[in-house]
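Colleague: Take a look at the following structure, please.
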Amino acid sequence: MKLQTLTIAIPAYNEESTLEDAVQTIIATLDKLTIQYEIIVVNDGSQDKTGLVLDSLAKKYPLVKAIHHAHNKMIGAAFLSALHHSQSSHIMLIPVDNPLSSNLFFQFIESAKDADIVVGYRNQRLGYQSWMTILSKIYWLFCIVMFQIKLKDFTWICMYDRLKIKDLSPKSYGIAIFPEILVKAKKRGLKIVEIECPMIARRVGKATISKISRILHLFFETVYLWGHLHFGKWQIK
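Numbering (the numbering used here), first residue to last: 27 to 263.
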């Protein structure tokens, strides 16, 4: 389906220092492209002033919608909240610390004309320590072996046909929601194309995935996903 309207989903956890700049950057970029869009920001149980910053942005910009989780539910749950509230033809999740350029947005939009999902991939993991880069490479190989699907990236920025991925009923609450969607989409026969989408090094704060506990959770969550896709109720027919 050709892109008609676009929802930008932004998960925000303790991002009081970066959220306003990210939202304003995305607004300025999308206004140049003259497309219909909305921005849904999910305050995922932040313990700082992220919620206050978000409410202020929603008052200032009518196209910004605020969703507040009472406690941290992780990125997958934030994406599902945005997906539930979106009415657009397409949706994409963009990290607070990685707003896209107008050129990249245009590439995603053009690629979506002939695809159900446009997968962005990173050639470099900027801001990653060496051990994080090694683990991300291991996780990429892990997904290829586990799911028998070869993509250049499983956990980065994608543009989705909203109704088609909603029909896949994604259920993961962590980062594994993104390989879950891609694996189910492949099994359903949806068309996936890949485009390069470079990563920007985070300027402020630490990415949640830099915590060992979150990395271990991602591996366990992905094994859990594999089990459900092969033997449980999440099988795609």
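Cβ atoms here follow ideal geometry from the backbone N, Cα and C, with glycine treated the same way.
A quick note: this is a predicted structure, and the numbers were derived from the prediction, not measured.
(1) If we call anything under 7 Å between Cβ atoms a contact, is A103 one with Y199?
(2) Based on the DSSP secondary-structure assignment, which residues constitute the bridge partners of P37?
(3) Please report the residue range of the beta strand (DSSP E) in which Y165 lies.
(4) With H, G and I counted as helix, E and B as strand and the rest as coil, what does DSSP make of Y63?
(5) In whole angstroms, what separates the C-alpha of Q62 from that of S195?
(6) For T181, which residues from the same chain have a beta carbon less than 6 Å from its beta carbon, with the 5 sequence-adjacent residues on both sides left out?
(7) Under the rule that 16 or more other beta-carbon atoms within 10 Å means buried, what is H97, buried or exposed?
(8) Do A141 and L29 have their C-beta atoms within less than 7 Å of each other?
(9) Which first and last residues belong to the alpha helix (DSSP H) in which L78 is found?
(10) Using only alpha-carbon positions, find the residue among Y250, I191, T76 and L59 that is nearest to A92.
(11) Could you check which residue in S112, H116 and A38 has the C-alpha nearest to that of G71?
(12) Taking DSSP as the reference, what is the three-state secondary structure of E206?
(13) If R148 sits next to D179, beta carbons under 8 Å apart, how far is it from one beta carbon to the other, in whole angstroms?
(14) Quick test of your reading: M11 and R151, contact by CB under 8 Å. State the CB separation rounded to the nearest angstrom.
(15) Give a yes or no on whether the C-beta atoms belonging to G68 and S128 are separated by under 7 Å.
(16) Any idea what DSSP makes of H116, helix, strand or coil?
(17) For A54, count neighbouring Cβ atoms within 10 angstroms of its own Cβ and tell me buried if that reaches 16, exposed if not.
(18) Since M118 and I65 are thought to touch, with beta carbons under 8 Å apart, how far apart are those beta carbons, to the nearest angstrom?
Modeller: The relevant details are as follows:
(1) yes
(2) V68
(3) That residue, Y165, is in no beta strand (DSSP E); its alpha helix (DSSP H) goes S156 to F173.
(4) strand
(5) 26 Å
(6) I201 and F204
(7) exposed
(8) no
(9) T76 to K86
(10) T76
(11) A38
(12) helix
(13) 6 Å
(14) A question about residue 11 goes unanswered here, because the residues of the chain that appear run from 27 up to 263.
(15) Sequence check: residue 68 is Val here, not Gly. It is not a contact, given that the beta carbons lie outside the stated cut-off.
(16) strand
(17) exposed
(18) Not confirmed; about 11 Å, so no contact.
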